[in-house]
Structure formats: structure tokens, C-alpha cells
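Contents: one structure, followed by commentary.
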């Protein structure tokens, strides 16, 4: 990429048929809908894509399908996280060869007690850095249980040329973003937040230049970022106030199921099936979700109708 990515880079949900099989046509429609939402890039195969419930064959299929269907209309970020360094390197090479603009990866972890030492984490990212020439986004998320210190993150930014984007979605994300920018700002092209943008305004105050949310309503969240970066803080705050009830409901009550349910309601996909052991949300939670989404006139609710 010639220009650093900023703005809103949402995660694409992985649609399944009601029998649990991957819905290939639904995946194409997800990509089309997200482009119509005005996203700055699309991330696939992430945690909110149910990447931990996909086979290797399904991952390869979805990566190829998404990159081919996007056809350069927006940059595609491919998540490649895995505990085994050699497999992550292989995934990174495959993503680059198929046209990915960036890869995203978490530190190696497997459960709460199986993690790498700081030097092992550095070497994990170093191996990917040395194997590809596209940017790498570090995902610092509570899911891993790994404490990525500012010193380690800054070292990766300074010493690994392609490690230039950081998605910080841990507790007190704003303070960590600010500290990381202070430590290695010249080596960071994209300080981002995540977690459905639930801390977005504070993270923008700390220096974030974008957010990676779900795909549910980026056309409403994106203006928070663009207005803020343009210096229109009051406009950003007004957009934030409008979006916050739905952001909060998604983050605290729904999780990855929210985008799929809204997409199904709007005819983008045929089913909001999530793979076992995940369970569908309660009718109570679903009703509140759709009510809040209708109040905001979310694009996905009418995209396929």
C-alpha cells in the first residue's frame, strides 16, 4: 500500500447455511454490502469471522473467494493467527500471493497457560516479517491472555519493518495506545482500536487513526473517525452519542452474532447460523438489537431488500 490505512476497517462475518456449511454466495454478498457501507478496508478470517471454527480448507476457500470477489475495490486484511510459527508464515505467504493488502495476527497462545516468552513472541512476528513484504497488524486482545508490553510492541515496531499497524483492544486501551505512540510513533503507520469501537472516542483522543469494528454498521461509526481526524470534535461526539447504545449492546450482549443477525434481517445473508459450541442469542437480546439498529436506520437492514 502506498498510503497508510486509516478510518474504519471492519471484520467480515463468515456466513453459514442453516446446516452449518459455508455459504460461498453469502460471503460474496457480505463483501459487496461492506463495500456499499463505505468501509476503508475489510478484514477476513478474524475472531469475529469465527476463524477458530473453520477448517484449513475452509480458510483457504474463504480467503481466495473474498480476495477474488473484492477485486481490488477495497484493501483486504487477512487474519493469520496460530500458535505454530511455521503455519503462520505459510498463511502469510499465501495471503500475500493472493493479493492481500495486509495480514493481522495475535501473539502465539493456546489457552491461558500455554504462551510464548517475550523473545518467542518477537521471533514469531519476525518470522512473518521476514517472509512477506506487506504490512502486519498486531492484534493485542484479551482473548489471548498474553500481556504484550509497551516495550515489546515498540521493539517490534522499531526493528520489524512490516510490523507497522497495531490493533489495541485490551483494558485501558487509550492509555496503551498513547504510550505506544510515544515509544514508537515514527514506526507506526496505523494505531487502531477494536472491541466494536466501545472505547473509540477515548482511543482517538489517545492518537488512534482508525478502528476495526464488526461489519454491522460501519457507515454510522466511520464518521466518528473521519470527523475527529478532520478536527471536527463536536461532530464526532454527536455521531458517537448516536451510535453508543448499539455499540454497547453489541459489545456487551451479542458479540459476533450481532452482525450476522442484522445481515440476515436485511437479506444480505440467508442465515445467521453460528457453529457449535456457540449458541444463538436469546430472542430478548435479538429484539433489542434489531430495535436499536432500526432506530439508526442501519444500511445492512435494507441492503438486500
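In our numbering, the protein residues as written are 180 to 484. Glycine residues also receive a C-beta, built at the ideal position from the N, C-alpha and C atoms. Keep in mind that this is a model prediction, so the values were computed, not measured.
Continuous alpha helix (DSSP H) stretch holding residue 234: start and end: Start at 1 with the first residue of the chain shown, and residue 234 comes out as number 55. Looking at the DSSP string, residue 234 is not in any alpha helix (DSSP H), and its letter there is neither H nor E.
Return the residue from the list 480, 338, 346 and 364 that minimises the CA-CA distance to residue 321. Locating residue 321 in the chain shown gives position 142, where the first residue counts as 1. The residue with the shortest Cα to Cα distance from residue 321 is 346.
Where residue 183 and residue 371 are concerned, what is the direct C-alpha to C-alpha distance, given to the nearest angstrom? Mapped onto the chain shown, residue 183 falls at position 4. Mapped onto the chain shown, residue 371 falls at position 192. Taking the straight line from one Cα to the other gives about 12 Å.
Indicate the three-state DSSP secondary structure (helix, strand or coil) for residue 222 in the structure shown. For the purposes of this step, residue 222 is taken as the residue at position 43 of the chain shown. It is a strand residue.
Can you pull the DSSP bridge partners for residue 393? Counting from one through the chain shown, the residue named residue 393 turns up at place 214. The secondary-structure analysis by DSSP pairs residue 393 across a beta bridge with 190.
Rounded to a whole number of angstroms, what is the C-alpha to C-alpha distance between residue 355 and residue 409? The count along the chain shown starts at 1 and reaches residue 355 at position 176. The count along the chain shown starts at 1 and reaches residue 409 at position 230. Roughly 23 Å between the two C-alpha positions.
Please list the terminal residues of the continuous beta strand (DSSP E) segment that includes residue 195. Against the chain shown, residue 195 aligns to sequence position 16. Where residue 195 is concerned, there is no enclosing beta strand (DSSP E), given that its DSSP letter is neither H nor E.
Run through DSSP, which three-state label would residue 452 get? The residue given as residue 452 occupies position 273 in the chain shown. Residue 452 falls in the coil class under three-state DSSP.
Quick check: the Cα distance between residue 281 and residue 256, rounded to an integer number of angstroms? What you label residue 281 is simply residue 102 of the chain shown in a count that begins at 1. What you label residue 256 is simply residue 77 of the chain shown in a count that begins at 1. Whole-angstrom Cα-Cα distance: 5 Å.
If you follow the alpha helix (DSSP H) that residue 299 is part of, which residue opens it and which one closes it? Walking along the chain shown from the start, residue 299 turns up at place 120. 297 to 310 is the span of the alpha helix (DSSP H), which, as asked, contains residue 299.
Exposure of residue 290, with buried meaning 16 or more beta-carbon neighbours within 10 Å: Locating residue 290 in the chain shown gives position 111, counting from the first residue. Its Cβ having fewer than 16 others within 10 Å, residue 290 is exposed.
Which residues in the same chain have their Cβ closer than 8 Å to the Cβ of residue 422, if we skip the five residues on either side of it in sequence? On the chain shown, position 243 is the one that residue 422 refers to. 376, 396, 399, 400, 403 and 475, listed in sequence order.
Taking buried to mean at least 16 other C-beta atoms within 10 Å of its own C-beta, is residue 229 buried or exposed? For the purposes of this step, residue 229 is identified with residue 50 of the chain shown, where counting begins at 1. Residue 229 comes out buried.
Inter-residue Cα distance where the pair is residue 478 and residue 390: If you number the chain shown from 1, residue 478 lands on position 299. If you number the chain shown from 1, residue 390 lands on position 211. Distance from the CA atom of residue 478 to the CA atom of residue 390, rounded to whole angstroms, is 19 Å.
How should residue 192 be labelled, buried or exposed, when 16 other C-beta atoms within 10 angstroms of its C-beta is the threshold for buried? Along the chain shown, one-based indexing puts residue 192 at 13. By the neighbour-count rule (16 or more Cβ atoms within 10 Å), residue 192 is buried.
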